[in-house]
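I have placed the structure first, in the form of structure tokens, so that the comments after it can refer back to it.
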Amino acid sequence: AQRVTQPEKLLSVFKGAPVELKCNYSYSGSPELFWYVQYSRQRLQLLLRHISRESIKGFTADLNKGETSFHLKKPFAQEEDSAMYYCALSGLITSGGSYIPTFGRGTSLIVHP
Amino acid sequence: GAVVSQHPSRVICKSGTSVKIECRSLDFQATTMFWYRQFPKKSLMLMATSNEGSKATYEQGVEKDKFLINHASLTLSTLTVTSAHPEDSSFYICSASGGAGRGVGGYTFGSGTRLTVV
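For the record, the sequence lines run as chains G and H. Going left to right, the first sequence walks through residues 16 to 128 as this note's numbering numbers them. Going left to right, the second sequence walks through residues 102 to 219 as this note's numbering numbers them.
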């Protein structure tokens, strides 16, 4: 089985403050992890994935296999970062050979001016 | 980039009727499509995975006779909610993968369909 846990439903910070959205996963194999973001009234979109080790919109996330975590971080939050963030894991394979993504319940980030 | 079009965006139907939701990949071939249900303030719940040309694989607890999924082509998957009831009211989202490995580039999502059964 594969599971993704996002312990915080809501994270509220002020502009300029550091942000860390937590994500822990459970999977026996070698997972691929993603962060997706959903801005108000928009569709889910990929923010970043661990294999690319990139920084998008100032966000970074490092896969820590020892702690089975993939926390999303940004040193200085902006108001436009306010959105719903979902951590996702891709590990299990369907009979057709496709990888099945599992999502965490999401964390709502609110950045106050 | 990859685009997935989902229609309709909103639909209201009477209890007992059926509703079809379409999910199209516009600029890539989606060998695999996923259908999710999103509850308010909760996560995306994977309902089923469909591979083009084969039967969909349903998650535990999802009624396959109620949520009919057809993935007849590499660019189109449909979800039909049959004999809809008010408790089926929800937000349904499709997602597509080009199948190039483990979601290389991630999964592309449709904009979702808000279904209200009255």
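Note that CB positions come from ideal geometry on N, CA and C, so glycine has one too.
Asked, Found
"Residue-level contact to chain H via CB, F118/G, 8 Å cutoff", "yes"
"Beta-carbon proximity of L59/G to W50/G, cut-off 8 Å", "no"
"Whole-angstrom distance between P33/G and G114/G, CA atom to CA atom", "The amino acid occupying residue 114/G in the given sequence is Tyr; Gly does not appear at that position. Roughly 33 Å between the two C-alpha positions."
"N-terminal and C-terminal residue of the beta strand (DSSP E) that R64/G is part of", "Q60 to R64"
"Contact list for L26/G against chain H, beta-carbon separation under 8 Å", "Within chain H, no residue comes near L26/G; the closest Cβ sits about 14 Å away, beyond 8 Å."
"Residue-level contact to chain G via CB, G212/H, 8 Å cutoff", "Sequence inspection shows Ser at residue 212/H; the Gly mentioned does not correspond to that position. Interface residue, yes."
"Residues near V112/H by beta carbon distance below 7 Å, same chain, minus five either side", "V120, T214 and L216"
"Alpha-carbon to alpha-carbon, S45/G and R203/H", "Bear in mind that a pLDDT of 42 at R203/H, under 50, signals an unreliable position, so the model cannot answer this."
"Coil, strand or helix - S105/G by DSSP", "strand"
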